[in-house]
Amino acid sequence: MALTIGLAIRLALAPFTGQGSDLPTTYNIARYTVDEGANVYVEPYRSLVDIFCYPPLWIYISSLMYLLWKATPFQGGEVFAIKMNPPILLLVNYPMILMLKLPIIAADALVALLLYQVVSEVRGHRAGFTALLIWFFNPVGIAINAMWCAFDVLTALAALLACVYLYRGSYAKSALLLGISLSIKQHALLFFAPLAAYVLKRCGWRKALSYAALSILVPFLVSLPYLAWDLSAYLQAFSRKSMPPFDEICWGFSSLYFVNHVLWLLGVDINALYAAIMDVQYYLITIAALSISAFFVLRSDSSLETLLRGCAISTIVFYLTSPLMNSNYLIWLLPFLIAEVFLARRRLLYVLAPLTIVLMFMIFIETIFFRALIVPIYLPHGDAVDAVYHSFEYWYYYPNTDSEWLRGRGLSAFAFSAYCLAYLFALFRELRKKA
């Protein structure tokens with residue numbers, strides 16, 4: 000019953016909502032691929048789809064859904080140009096928007112079922128059902144997965160399944176699933192080290208190397224058509240210049256907002272410091288996250304909790320050091336965090352705290368629940384939406400000064416970073432006690 004209600008909420012919201020960058024990008028990579036047979040990693044299409052710096056599995060999935068929509072009688076709609084440089088086109092056709100989001104909604108539901116299964120096996124039906132409710136009915140998850148059109152949940156689902164299969168001894172299935180996760184978004188590399196370290200701990204170097212090789216082979220095969228099509232263009236999509244925050248020091252609620260302010264108080268030239276590390280920062284961040292999580296797994300037992308904690312640690316270290324921290328990034332952590340908290344019998348505060356921080360950021364900083372997530376409605380009815388928007392004094396007042404905007408991001412960064420540090424401290428304190 001709960002799953003049915005959650006799906007009904009998502010299916011009701013999905014056709015009329017969408018974030019102003021991710022939804023048009025998904026529409027355009029599918030449209031250019033299907034209608035024009037274009038390589039969206041190559042100019043001019045690379046600019047016409049906005050930011051797409053990910054492996055091509057999402058291109059295949061969204062193109063399939065676009066093809067299925069074209070086979071339906073629900074055609075028509077108006078094409079709007081979104082004010083970007085260059086302008087990004089979006090067809091406002093509600094059945095088509097729903098069709099593009101169906102894989103995301105399905106993955107969302109499967110994560111809920113998987114969390115129920117994993118938690119129920121150890122803690123019983125009541126705990127499993129509570130874990131399902133927290134995942135499937137929290138407003139952050141609903142907004143990001145069903146409304147935003149961010150496809151991070153597909154990566155999370157594949158990685159969570161990889162953990163479960165690995166714990167049960169199905170190494171080949173786990174490696175394939177980890178490879179699928181890597182084929183959707185490269186941030187799944189954060190899960191690579193804890194899973195490979197777990198295999199190393201259980202089975203030794205040979206098995207760990209074969210596990211790693213199979214995991215890497217999958218995204219290579221998925222990417223092979225684009226590698227053969229235009230190797231240079233494909234590799235360029237993953238360069239630092241192709242990824243946000245581009246030339247900005249940080250974005251979203253990155254912890255660097257707080258670090259920058261402290262350095263400013265100390266008289267450190269942050270711009271010079273940033274220029275010195277910007278070319279290697281993503282590599283350093285990834286290496287740090289992978290190393291710390293692998294260390295934790297190797298020092299712990301061979302339980303499923305260890306795998307889940309390893310993935311959570313890797314993700315949190317990335318959060319603490321990344322110059323980019325968007326609301327949808329929470330989806331990388333949330334399934335592992337929910338399962339680990341219930342299996343380890345931790346306080347629910349460990350789950351509710353980050354959800355609350357990100358929800359407050361979405362409402363008060365991004366104002367994402369009002370305008371930024373209703374692009375399919377805003378484009379044809381912008382004047383009416385703006386009239387309602389400005390009728391609320393707070394919403395109209397907030398964006399007036401850059402200092403307030405930056406202060407809001409900085410406070411969010413401080414709160415979220417404090418949570419991440421507290422969670423890491425609790426985990427490593429437990430590890431030290433067991434040692």
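For the sequence shown, counting from 1, position 166 maps to 165 in numbering that gives the first Met the number 0; every step adds exactly one.
The beta carbon of each residue, even a glycine, is placed where N, CA and C say it ideally should be.
The structure displayed is predicted, hence computed values, not measured ones.
(1) Ends of the alpha helix (DSSP H) at Leu265?
(2) Taking the straight line between their C-alpha atoms, what separation do you get for Ile60 and Trp228?
(3) How about the segment 207-216 and the segment 253-269: do they share at least three Cβ pairs that are nearer than 8 Å?
(4) What does a CB cutoff of less than 8 Å around Leu2 pick up in its chain, not counting 5 residues either side in sequence?
(5) Tell me which same chain residues have a C-beta within less than 6 Å of the C-beta of Phe335, skipping the five on either side of it?
(6) Taking contact to mean at least 3 C-beta pairs separated by less than 8 Å, is the segment 61-73 in contact with the segment 35-46?
(7) Out of Pro54, Trp57, Asn27 and Leu56, which has the shortest C-alpha to C-alpha gap to Pro43?
(8) Going by beta-carbon coordinates alone, are Ala192 and Ala80 separated by less than 9 Å?
(9) Would you identify the three-state DSSP class for Val41, choosing helix, strand or coil?
(10) Identify, in the order they occur along the chain, each residue of the same chain with its Cβ nearer than 7 Å to the Cβ of Gly409, setting aside the five sequence neighbours on each side.
(11) In terms of alpha-carbon separation, which member of Thr16, Phe413 and Leu342 lies closest to Glu120?
(12) Find the nearest neighbour of Ile4 within the set Ile104, Ala161, Thr24 and Arg344, judged by alpha-carbon distance.
(13) Helix, strand or coil, according to DSSP, for Ala425 in the structure here?
(14) Does the ligand SAM have a heavy atom nearer than 8 Å to the CB of Phe135?
(15) The beta strand (DSSP E) with Ala80 in it runs from where to where?
(16) Alpha carbon to alpha carbon, how far is Ile315 from Ser321? Give it in angstroms, no decimals.
(17) Our contact map puts Asp151 next to Asn327 with C-beta atoms below 8 Å; I'd like the distance itself, whole angstroms only.
(18) Pull up the CB-CB distance for Ile330 and Ile143, whole angstroms please, since I reckon it's below 8 Å.
(19) Fully enclosed by the segment 137-197, which alpha helix (DSSP H) runs are 4 residues long or longer?
(20) Determine the DSSP secondary structure at Ile215, reduced to helix, strand or coil.
(21) So what does DSSP say about Leu89, is it helix, strand or coil?
(22) In whole angstroms, give me the CA-to-CA distance for Tyr397 and Arg431.
(23) Using only CA atoms, which one of Ala236, Pro55, Pro72 and Ser62 lies nearest to Asp439?
(24) For my contact list, Tyr166 and Leu303 are in at a C-beta cut-off of 8 Å; report their separation, rounded to the angstrom.
(25) When you compare the CB positions of Ala236 and Tyr31, do they come within less than 9 Å of one another, or not?
(26) Gly438 by DSSP, collapsed to three states: which one?
(27) Relative to the alpha-carbon of Asn325, which residue among Arg345, Pro94, Val357 and Ala338 has its alpha-carbon at the smallest distance?
(28) Does DSSP classify Ile50 as helix, strand or coil?
(29) Assign Phe424 to one of two classes, buried (16 or more other C-beta atoms within 10 Å of its C-beta) or exposed (fewer than that).
(30) Given a cut-off of 9 Å on the beta-carbon distance, is the pair Ser182 and Pro218 in contact?
In short, the structure shows the following:
(1) First-last for Leu265: undefined, no H or E at that position.
(2) 19 Å
(3) no
(4) Ala108, Ala111, Leu112, Leu131 and Phe135
(5) Same-chain partners within the cutoff: Leu307, Cys310 and Ala311.
(6) no
(7) Asn27
(8) no
(9) coil
(10) Tyr256, Phe257 and His260
(11) Proximity to Glu120 across Thr16, Phe413 and Leu342 peaks at Leu342, based on C-alpha coordinates.
(12) Put simply, of Ile104, Ala161, Thr24 and Arg344 the residue whose alpha carbon is nearest the alpha carbon of Ile4 is Ile104.
(13) Three-state result, Ala425: helix.
(14) Absence of the ligand SAM from the depicted structure is noted, as is the absence of any ligand whatsoever, leaving it without description.
(15) Glu77 to Ile81
(16) 10 Å
(17) 5 Å
(18) 6 Å
(19) 151-166 and 170-183
(20) helix
(21) strand
(22) Only weak support is given to the placement of Tyr397: the predicted model assigns it a pLDDT of 49, under 50, and the question is left unresolved by the model.
(23) It is not possible to answer for residue 439, since the shown part of the chain is limited to 0 through 434.
(24) 4 Å
(25) no
(26) As shown, the chain starts at 0 and ends at 434. That puts residue 438 outside it, with no answer to give.
(27) Val357
(28) coil
(29) exposed
(30) yes
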